[in-house]
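Sequential numbering from 95 applies to the sequence shown in the numbering used here.
Data block below; observations after.
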Amino acid sequence: KNQYDMCALDGAVNIPLARLQDELDEIERLSDGKRPVYCICRRGIASVEAANILYTAQTAHPHIHSVMNIAGGLTAWHEEIDESFPKY
């Protein structure tokens, strides 16, 4: 929560990795079989694990659409996409 409050991409939904399994129905509802799910964290490490969990969950939750990890996380976003985005 603290990291999310410091900096988050517009439209992002904060679901901590520790709660991901408990939020699969909500993720499926948000994705609605149409919206891709992008996993992002500070440096792109925890988001790999999140993407793997969601990819595996697609069998039981078929409306989770196109799970993708943002390599390098928010740090890479700052360095490669938007230098005005906060870096912490």
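The beta carbon of each residue, even a glycine, is placed where N, CA and C say it ideally should be.
Close-in-space but distant-in-sequence residues of the same chain around Ala165 (CB under 6 Å, 5 per side omitted): Gly138.
Contacts around Glu122, its chain only, beta-carbon distance under 7 Å, and the 5 residues preceding and following it disregarded: Residues His155, His157 and Ile158 of the same chain have their beta carbon placed closer than 7 Å to that of Glu122, with the five preceding and five following residues left out of the count.
For Val142, the first and last residue of its enclosing alpha helix (DSSP H): Per DSSP, the continuous alpha helix (DSSP H) segment holding Val142 begins and ends at Ala140 to Ala151.
Leu111 versus Thr153 - alpha carbon distance: Rounded to the nearest angstrom, the two C-alpha atoms are 19 Å apart.
Under 8 Å between C-beta atoms of Gln97 and Ile147: No, the pair does not count as a contact, with Cβ atoms beyond the cut-off.
Nearest neighbour of Leu103, chosen from Glu120, Gly127, Ile134 and Asp126 [CA to CA]: For Leu103, the closest alpha carbon among the candidates Glu120, Gly127, Ile134 and Asp126 is that of Ile134.
DSSP beta-bridge partners of Cys101: According to DSSP, Cys101 bridges with nothing at all.
Cβ shell of Pro180 (< 7 Å), same chain only, five flanking positions each side left out: Around Pro180: Met100 and Cys101.
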